[in-house]
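What follows is one structure encoded as structure tokens, with my remarks underneath.
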Amino acid sequence: MILVTGTGGLIGNSVSDFFLKRKFDVIGVDNNQRKKFFGKNGSIEQNIIQLKKNKKFQHKFIDILDKKKLENIFKKNRFSLIVHAAAQPSHDWSATNPNLDFHTNAVGTLNILECVRKYNPNSTIIYLSTNKVYGDVVNSFKYKELKTRYEVKDKHKDGFDENINIDNSKHSPFGVSKLSGDLLVQEYGKYFGLKTCCLRAGCLTGETHAGVELHGFLSYLFKSAYYKKKYYIYGYKGKQVRDNLSSYDVSTIIWELYNKPPIPGEIFNIGGGRESNISILEAIKKCEAITKKKFDFKYVNTERSGDHKFWITNMKKFKKRYPKWKIKYSIDDIFLQMLDYENFRTFRK
Ligand SMILES: NC(=O)c1ccc[n+]([C@@H]2O[C@H](COP(=O)([O-])OP(=O)(O)OC[C@H]3O[C@@H](n4cnc5c(N)ncnc54)[C@H](O)[C@@H]3O)[C@@H](O)[C@H]2O)c1
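Taking the numbering used here, I'd label the letters of the sequence shown as residues 24 to 372.
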């Protein structure tokens, strides 16, 4: 049996689906906090309804800050794998309520870790961390400006690895709350010996993402194109680059970790890397090509505070430990999946 927190969200939903298809029993925890964070377009209700169609799935509508209810789940079940993907996921939203952001991401993670330590110390626990734990130090690297994107120079050309410094940079309250969770997860591995692992992800995406302006870059951009809504580009001339990894490819990473548990407290950067990345200007061009609709955007000449100018992940460390893993979906595949999904939703209405 496995436990997935944040089951209605992009990653939790995809991981649950992946393990259910492999005949695992899955308990999911999600209280649709995403709707409270981002409004009705952020609601994950449909994803839960979809998962509940499978008899091997049980849903618990609980808050990870409710220690008693969490403990009850752990007292009644034994999990071989715990995937902790429940979070306040937005860099920008975190500044509006740093207290709730910190509680959700840091204290919520501590609650899960304590339950594992007390009731389920033999399971593997995977924490969805983020590249925002490195802060904006990468903005001080050297870049070339090309026609549609920035490109990093010299020693970082294969992307950014786990040796980027976490100090002396701006993280946003979100970066700090996630880093706190990340350090706790490492410590419960190194100090208490639990089989914990942090996946420090670049942009993750997929067709079931409830993308909103404050979170879910590619999903929101695509929906703006598809539903003809104005999109705001903040700074960097729209040439900021993000790698994008599909939520399915995150699930196969977790599958590898399930089959060969991590060294306690291990960290890995994960992302689309050189194989799957795009700038905002390039994404707009692609959206116009596949939706056949004119993209409506407005440029705002100030970047988001602490936003990365460029991020491409170097996955050398993960690929060395797990040589069989390969990325399945490119950025073009991801766009086509989004198009199919929105066409299907529109057809159903
Ligand atoms: N999506 C990305 O681009 C990305 C990139 C890097 C890291 N990550 C990390 O991956 C993880 C999952 O991200 P996602 O994109 O699936 O986010 P998401 O918002 O789609 O999913 C998170 C889920 O957690 C639930 N949740 C939030 N607070 C909760 C609480 N207190 N109790 C119970 N459930 C709660 C939400 O309702 C939501 O369904 C997060 O930790 C995020 O920081 C995501």
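Backbone N, C-alpha and C fix where the C-beta goes; we use that ideal spot for every residue, glycine too. Since we're looking at a predicted model, the values are computed, not measured.
| Asked | Found |
| --- | --- |
| heavy atom of ligand 1 below 6 angstroms from P121 C-beta | no |
| Three-pair Cβ contact test at 8 angstroms for the segment 105–115 versus the segment 72–83 | no |
| Rounded separation between D124 and Q111 - CA only | 6 angstroms |
| Residue(s) in a DSSP beta bridge with E137 | Per DSSP, none; premise fails for E137. |
| Nonlocal neighbours in the same chain, by C-beta distance under 6 angstroms from R172, ignoring five residues either side | K262, V264 and S302 |
| Distance cut-off 6 angstroms: G31 Cβ against heavy atoms of ligand 1 | yes |
| Host beta strand (DSSP E) of Q81 (start-end) | F80 to K83 |
| Beta-bridge pairing of T119 - partner residues as DSSP gives them | Looking at the DSSP assignment, T119 forms no beta bridge with any residue, so it has no partner. |
| Boundaries of the beta strand (DSSP E) in which A233 is found, first to last residue | Looking at the DSSP string, A233 is not in any beta strand (DSSP E), and its letter there is neither H nor E. |
| First and last residue of the uninterrupted alpha helix (DSSP H) at V38 | L33 to K44 |
| Separation of V49 from F42, as counted between CA atoms | 7 angstroms |
| Ordered list of alpha helix (DSSP H) runs contained in the segment 231–317, each at least 4 residues | 240–249, 270–282 and 303–314 |
| Nearest residue (CA-CA) to Q69, options F80, Q81 and N55 | N55 |
| Among K141, G62, N122 and D115, nearest to N95 - alpha-carbon criterion | K141 |
| Euclidean distance between Cα positions of I187 and C220 | 18 angstroms |
| Neighbour-count burial assignment, E311, 16 or more Cβ in a 10 Å radius | exposed |
| 7 angstroms Cβ cutoff met for N267 and G295 | yes |
| Assigned secondary structure, G51 (DSSP; H/G/I helix, E/B strand, else coil) | strand |
| Range of the contiguous beta strand (DSSP E) that encloses R223 | K218 to A224 |
| Residues of its chain near C138, where Cβ-Cβ distance is below 7 angstroms and the 5 sequence neighbours each way are ignored | L93, E94 and F97 |
| First and last residue of the uninterrupted beta strand (DSSP E) at K167 | Y166 to E168 |
| Nearest residue (CA-CA) to K351, options G62, S274 and S113 | S274 |
| Distance between F183 and S203 (C-alpha atoms, nearest Å) | 21 angstroms |
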